[in-house]
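Take the sequence shown: its letters are residues 4 to 201, numbered as in this note's numbering.
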Amino acid sequence: MVELTAAVFGEFDRWVWRQFQQHPVLTDTAKVLTDAGSMSILLPGAVVAGVALWWRYRSLLLAVVPWIALQINSSLVAVLKRTFDVARPPQENWLSGAAGGSFPSGHVANTTVLLIAVAVVVFIHETSLTVRRATIVVAATGIVMMAWTRIALNVHWLSDVLAGAIVGTVIATATAYVAITIKSQRENPLRTRDQLAS
Numbered sequence: 004m005v006e007l008t009a010a011v012f013g014e015f016d017r018w019v020w021r022q023f024q025q026h027p028v029l030t031d032t033a034k035v036l037t038d039a040g041s042m043s044i045l046l047p048g049a050v051v052a053g054v055a056l057w058w059r060y061r062s063l064l065l066a067v068v069p070w071i072a073l074q075i076n077s078s079l080v081a082v083l084k085r086t087f088d089v090a091r092p093p094q095e096n097w098l099s100g101a102a103g104g105s106f107p108s109g110h111v112a113n114t115t116v117l118l119i120a121v122a123v124v125v126f127i128h129e130t131s132l133t134v135r136r137a138t139i140v141v142a143a144t145g146i147v148m149m150a151w152t153r154i155a156l157n158v159h160w161l162s163d164v165l166a167g168a169i170v171g172t173v174i175a176t177a178t179a180y181v182a183i184t185i186k187s188q189r190e191n192p193l194r195t196r197d198q199l200a201s
C-alpha cells in the first residue's frame, strides 16, 4: 500500500489551498453546491439521466450507461482512497464534512463520471452541433464548479480534484464506448438481414 501524508503536488497543492483559505469566495454557495456531488443526489440523477436517454434514443443499453459508470467509478475511487492514503488539509479549516482519504476527490470523480457519461452518449448520437456544444459546456461547467467547491471548502487539495476529474472522465468514456460498441454490433446484423430480405 502506498501511504502519502501530504498533498500529491506537495508545496504547490499547499500554496493553492492557502489562496482559497486566505481569500474565501462564495463559501456559502459552495456549501450548497457541493451536496450535488454526494451519492444520495448522483444516484437518483443517474436514474433520471437514464430515463431521458431512453426516451431520446429508445435504447436500454444507452440508458444504463450513467448508472453503471457511476457504480464502477465509486468503487474504484474507494479503492484509490485506501491505496493512496493522502491526508486532507487540516481539519480545523474544513467548511464542510468529509470522510476517508483525500486522493482522489470522490465528489469530483462521481460528478464527472455522470456528466461525461451522458455527454458522450449525447455527443455521439446527436446530429445537431448546437446540442453537442451545449452538452460539453454543461458537463465542463458542472465539473469545474464541483472541483471549486471542494477546494473552496478546504477539504481537498488541487491534485485531489484534478485526479477525480481524470478518473471520472476515463471511466465514463470507457463505459459509454463499450455500450455504444455493443449497441452498434447488435444493430448491424439486423440491418444486414433487412437488406438481404429486401
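In this text, a Cβ means the ideal position worked out from N, Cα and C, and glycines have one as well. Source: prediction; values computed, not measured.
- Boundaries of the alpha helix (DSSP H) around residue 123: 109-128.
- About 6 Å separates the beta carbon of residue 171 from that of residue 76, a gap short enough to meet the 8 Å contact definition.
- Excluding sequence positions up to five before and after residue 64, its CB lies within less than 7 Å of the CB of 182, 185 and 186, all in the same chain and listed in chain order.
- Following the DSSP letters along the chain, one finds residue 101 in no alpha helix (DSSP H), marked with neither H nor E.
- The criterion of a C-beta distance shorter than 8 Å is satisfied by residue 179 and residue 124.
- Between the region 52-64 and the region 89-104 there are fewer than three inter-stretch CB-CB distances shorter than 8 Å, so the stretches are not counted as touching.
- DSSP places residue 61 in the coil class of the three-state scheme, outside both helix and strand.
- Residue nearest to residue 44 within the set 110, 141 and 61 is 110 (criterion: CA-CA distance).
- When C-beta atoms of the region 143-157 are compared with those of the region 93-110, three or more pairs fall below 8 Å, so the two segments count as touching.
- Straight across, the Cα-Cα distance linking residue 29 with residue 35 is about 10 Å.
- Taking each of 24, 12 and 190 in turn and checking the Cα distance to residue 151, the smallest one comes out for 24.
- DSSP, reduced to helix, strand and coil, places residue 19 within a helical segment of the structure shown.
- Here DSSP, grouped into helix, strand and coil, assigns residue 157 to coil.
- Take the alpha-carbon of residue 102 and the one of residue 153: they are about 13 Å apart.
- A buried status is given to residue 108, since no fewer than 16 other beta-carbon atoms sit within 10 Å of its beta-carbon.
- Each of 39, 49, 83 and 20 was checked against the Cα of residue 122, and the nearest Cα belongs to 49.
- At a Cβ-Cβ threshold of 8 Å, residue 19 and residue 161 count as neighbours.
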